[in-house]
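Residues in the sequence shown are numbered consecutively from 1, following UniProt numbering.
Here is the structure we will look at, set down as structure tokens.
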Amino acid sequence: MKKKWEVVILGGGFAGLACARRLEKLWGKDTAKRVLLVSAENYFVYQPFLSEVIGAGIEPRHVMNPIRLALRRCTVQRAEVTTIDLEKRRVEFNADEGISLEPVEAEHLVIALGSSTNLRAIPGMMEHGLFLKTLADALGIREHIIKRLEEADLEPNPDIRRSLLHFVVVGGGYSGVETAGEILDLLHDARRFYPSFDPSELRVTLVHSGAHLLPELGEDLGRFAQRFLESRGMTVLLNQRASSVSAGYIRLNDGTRLESRNPICTIGNAPNPVLKDLAAEYANGWLVTNEFLRLKGHTHLWGIGDGAANPDGYGNQCPPTAQFAIQLGRHAAENIALSSSGKPLRSFRYKTLGQMATIGHHKGVCSIFGFQFSGFLAWWVTRTVHLLKLPGLDRKLRVVVDWTFELFFPPDLNYLDLKKTQKIARIHVEPGDVIFRQGERGSAFYIVEDGTLEATRYDGDGKVLWRDEVLPGDHFGEGSFLYGVVRRVTVTAKTGATLMVFNSKEFKSFVESFQTLSQILRHTAQRPSQEDVLGEARWTTELLSSPVEAVMKKSVPCLSETATINEAILAFGNCSQTLLPIVDAEGKMTGILTKTDVYRAMTLGQDFGESVETIAKHEVAALREGQTVREALRVLYMKDVKQAPVLDDRSRPVGILSHLDLAEARIHLDLRASGSQHASSVDTPE
Numbered sequence: 001m002k003k004k005w006e007v008v009i010l011g012g013g014f015a016g017l018a019c020a021r022r023l024e025k026l027w028g029k030d031t032a033k034r035v036l037l038v039s040a041e042n043y044f045v046y047q048p049f050l051s052e053v054i055g056a057g058i059e060p061r062h063v064m065n066p067i068r069l070a071l072r073r074c075t076v077q078r079a080e081v082t083t084i085d086l087e088k089r090r091v092e093f094n095a096d097e098g099i100s101l102e103p104v105e106a107e108h109l110v111i112a113l114g115s116s117t118n119l120r121a122i123p124g125m126m127e128h129g130l131f132l133k134t135l136a137d138a139l140g141i142r143e144h145i146i147k148r149l150e151e152a153d154l155e156p157n158p159d160i161r162r163s164l165l166h167f168v169v170v171g172g173g174y175s176g177v178e179t180a181g182e183i184l185d186l187l188h189d190a191r192r193f194y195p196s197f198d199p200s201e202l203r204v205t206l207v208h209s210g211a212h213l214l215p216e217l218g219e220d221l222g223r224f225a226q227r228f229l230e231s232r233g234m235t236v237l238l239n240q241r242a243s244s245v246s247a248g249y250i251r252l253n254d255g256t257r258l259e260s261r262n263p264i265c266t267i268g269n270a271p272n273p274v275l276k277d278l279a280a281e282y283a284n285g286w287l288v289t290n291e292f293l294r295l296k297g298h299t300h301l302w303g304i305g306d307g308a309a310n311p312d313g314y315g316n317q318c319p320p321t322a323q324f325a326i327q328l329g330r331h332a333a334e335n336i337a338l339s340s341s342g343k344p345l346r347s348f349r350y351k352t353l354g355q356m357a358t359i360g361h362h363k364g365v366c367s368i369f370g371f372q373f374s375g376f377l378a379w380w381v382t383r384t385v386h387l388l389k390l391p392g393l394d395r396k397l398r399v400v401v402d403w404t405f406e407l408f409f410p411p412d413l414n415y416l417d418l419k420k421t422q423k424i425a426r427i428h429v430e431p432g433d434v435i436f437r438q439g440e441r442g443s444a445f446y447i448v449e450d451g452t453l454e455a456t457r458y459d460g461d462g463k464v465l466w467r468d469e470v471l472p473g474d475h476f477g478e479g480s481f482l483y484g485v486v487r488r489v490t491v492t493a494k495t496g497a498t499l500m501v502f503n504s505k506e507f508k509s510f511v512e513s514f515q516t517l518s519q520i521l522r523h524t525a526q527r528p529s530q531e532d533v534l535g536e537a538r539w540t541t542e543l544l545s546s547p548v549e550a551v552m553k554k555s556v557p558c559l560s561e562t563a564t565i566n567e568a569i570l571a572f573g574n575c576s577q578t579l580l581p582i583v584d585a586e587g588k589m590t591g592i593l594t595k596t597d598v599y600r601a602m603t604l605g606q607d608f609g610e611s612v613e614t615i616a617k618h619e620v621a622a623l624r625e626g627q628t629v630r631e632a633l634r635v636l637y638m639k640d641v642k643q644a645p646v647l648d649d650r651s652r653p654v655g656i657l658s659h660l661d662l663a664e665a666r667i668h669l670d671l672r673a674s675g676s677q678h679a680s681s682v683d684t685p686e
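See below:
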């Protein structure tokens, strides 16, 4: 592969492909030596047909066109762009499995990478939602719908069944309306094959933040689309936004809760992350170009398509549509050819010829040359225009065959679960959501990434025995994960939270073969219940209600932040403690050091002259003066530590409390209660 090219085009979408095809026409056979197109995929996807892939009206492969067939003269390379150096016009990219390829440089660099999806625009959508950006997304939504039909057919609980059959589409633009219409068609066509379904159970809800659907087409056509969709049973919610998504529902900005396990997101376009922090001008994250489609401030760098802010020549920014992307790609190619021959460039100037969309059941809406119409004619015109624009005669014929079959045969309801086993999953929960309940059976193990949960233990009458917080970094569920036992607590979300979920056979095998991790999880799984450790059967009421100051070890030596490991070794040698607080100049505790930390430093060959800060712990389970022994025990139990420093109201250490101190205090109380005198069992040498 050459390292230097006259033109390198990054991206194989509408804009990039149009630019390359135009250069082929302008330069003929020389194109192969002059132009390199780099695409993450070796095929081009006709995006307007993705909604029909969802509705099973078109087979997925028929909306794909191999780029190497579409470009017979350009050199094509399948790779993922990782780094762009604008000054050197140098591009680095990877092949599969992250293998780095030789970087290339270009005289003219065309950036047509398109946009990405903002997966975190709505809390929980990334974990539970379905997105429509790629062909894989469209096929995934189609398979998801069929899977839900099969699950609902077996579900005896009517509430769960209704949520399985309720599909919520977020976004009322082209993608949202067309997707919602296709889903509704698919559900209506599939209903006769599921006789147990009540027609009222099959529901589609479309959520849109604007005052009317399809804002690009104007209010009249938007209202027509709404009336038609509602007449077929769809629920359309205007001036509403999805504020969060959980495993079983979607919450709107006004607090409305939509019970659905099928959120589908068609919004959230974001700049491509590869284009972040380049030496270029940006407008809201998009690369800014001038009227010649060059990046502002550069003469040999070009930006086109969804990843750039291109002026349309009439004072506006080009919309992110296929129509404009194709025109931008062609115009950029012509200006590159003019620049290479030393001729003056032409300004880009283009007005949309029309906008159109299908809304399901052989209906559509169109606005062409200012003339608006809707219904069957609009649907026919929309399909015809898209068919003519679909690259490749063979693809056109395949799509026509698909449409013909759709008229005479039922939809394809095959469920192909082609996904690989997912070893790690994430879920998002909202306040009040129950992760699992006490007494339930389960096999999942959880780690809290962010947010706060609450674990509660009940007695046989439903009375709360104890409750505690589960914080980021904490884990739970290991008992059920390892041994299949019933849940011993109920875990509920106190705040919005994200959890990592492990429940695959592969991960369990990994844990069992990883001895250290297995020991940690088995230790926590086999710990006695909190009521056994903290209850009055083990500790007296008098002791549990005592303040920690009455039991703790006082006059504890401290280490300065500037102390060395050598000084720490001497300090441990002069006292009986196995834990020493580390304090700043004001005496406030900033961390702790244990003998175990020192032993570890010794075995690792660490320099004893280094600061104790290099081996200290700074995230510490600390107790406070005034806390009861009951509260202190709960901290020691939940943090799984043997001892903890006790701090005053200014965060200065005043003592250390350990399990041994508590056991000793309990023994003294028992002896006092029995009237016995304490006698040491250890003979003291004379």
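Just so it is clear, CB atoms sit at the ideal spot from N, CA and C, and this is done for glycine as well.
On a predicted model such as this, the values are computed, not experimentally measured, just so you know.
Whole angstroms is fine: what's the gap from residue i's alpha carbon to residue j's?
i, j, result
"Glu567", "Gln627", "32 angstroms"
"Gln390", "Lys396", "This sequence places Leu at residue 390; Gln is not what is there. Rounded to the nearest angstrom, the two C-alpha atoms are 6 angstroms apart."
"Lys133", "Asp306", "13 angstroms"
"Ile569", "Glu561", "15 angstroms"
"Lys3", "Asn65", "27 angstroms"
"Glu610", "Ile592", "16 angstroms"
"Ala621", "Thr590", "12 angstroms"
"Arg34", "Val288", "26 angstroms"
"Leu113", "Asp649", "57 angstroms"
"Thr564", "Val491", "44 angstroms"
"Lys588", "Pro581", "9 angstroms"
"Val177", "Trp379", "13 angstroms"
"Arg142", "Gly462", "44 angstroms"
"Asp683", "Asp640", "With a pLDDT of only 42 at Asp683, under 50, the local geometry of the prediction cannot be trusted, and no value is derived from it."
"Cys265", "Glu586", "53 angstroms"
"Arg61", "Leu416", "15 angstroms"
"Ala270", "Glu549", "56 angstroms"
"Phe502", "Ser513", "16 angstroms"
"Arg346", "Asp137", "38 angstroms"
"Tyr314", "Tyr350", "8 angstroms"
"Asp468", "Val434", "15 angstroms"
Report yes if the C-beta distance between residue i and residue j is below 8 angstroms; otherwise report no.
i, j, result
"Arg22", "Glu334", "yes"
"Glu182", "Ser374", "no"
"Val204", "Leu252", "no"
"Ile67", "Leu36", "no"
"Trp302", "Ala279", "no"
"Phe49", "Ala70", "no"
"Val654", "Lys554", "yes"
"Glu440", "Lys494", "no"
"Thr352", "Gln323", "yes"
"Ser128", "Ser246", "Reading off the sequence, residue 128 comes out as His, not Ser. Yes, the pair counts as a contact, with Cβ atoms nearer than the cut-off."
"His329", "Ile304", "According to the sequence as given, residue 329 is Gly; it is not His. The answer is yes: Cβ separation under 8 angstroms."
"Leu630", "Ser545", "Checking the displayed sequence, the identity of residue 630 turns out to be Arg instead of Leu. Their beta carbons are under 8 angstroms apart, which means Arg630 touches Ser545 by this criterion."
"Val551", "Leu465", "no"
"Asp597", "Ala571", "no"
"Arg89", "Leu109", "yes"
"Leu202", "Arg192", "no"
"Tyr446", "Gly477", "yes"
"Val489", "Thr452", "no"
With distance defined between alpha-carbon atoms, name the residue in the options nearest to residue i.
i, options, result
"Gly354", "Tyr314, Thr614, Thr321 and Val551", "Thr321"
"Gly268", "Asn118, Asp459, Ala138 and Asp474", "Asn118"
"Phe228", "Gly360, Leu660 and Lys147", "Gly360"
"Leu275", "Leu295, Arg261, Leu139 and Thr266", "Leu295"
"Phe167", "Val598, Tyr46 and Arg261", "Arg261"
"Phe376", "Phe369, Lys363, Thr382 and Thr384", "Lys363"
"Pro195", "Gly172, Asp584, Tyr282 and Leu149", "Leu149"
"Arg120", "Ile520, Ser244, Phe408 and Phe445", "Ser244"
"Asp670", "Trp539, Val399, Ser200 and Val76", "Trp539"
"Asp85", "Ala180, Gly11, Asp277 and Ala325", "Asp277"
(Q) Quick check: the segment 53 to 64 against the segment 173 to 191, are at least 3 beta-carbon pairs closer than 8 angstroms? (A) Touching, yes, given that three or more Cβ pairs across the two stretches are closer than 8 angstroms.
Q) Along the chain, which unbroken stretches of the beta strand (DSSP E) at least 3 residues long are found entirely within the segment 179 to 210? A) 203 to 207
Q.
Quick check on the DSSP output: what are the complete beta strand (DSSP E) runs of length 3 or more inside the UniProt domain "Cyclic nucleotide-binding" (428 to 511), in order along the chain?
A. You should have 434 to 436, 445 to 450, 453 to 458, 464 to 470, 490 to 493 and 497 to 502.
Q. Below 8 angstroms, can you find three or more Cβ-Cβ pairs linking the segment 646 to 666 to the segment 599 to 607?
A. Touching, no.
Q: Report yes or no: do three or more beta-carbon pairs, one from the segment 427 to 444 and one from the segment 495 to 502, lie closer than 8 angstroms?
A: yes
Q: Jot down the residue ranges of each uninterrupted beta strand (DSSP E) in the segment 12 to 78, minimum 3 residues, whole runs only, in chain order.
A: 35 to 39, 43 to 45, 64 to 66 and 75 to 78
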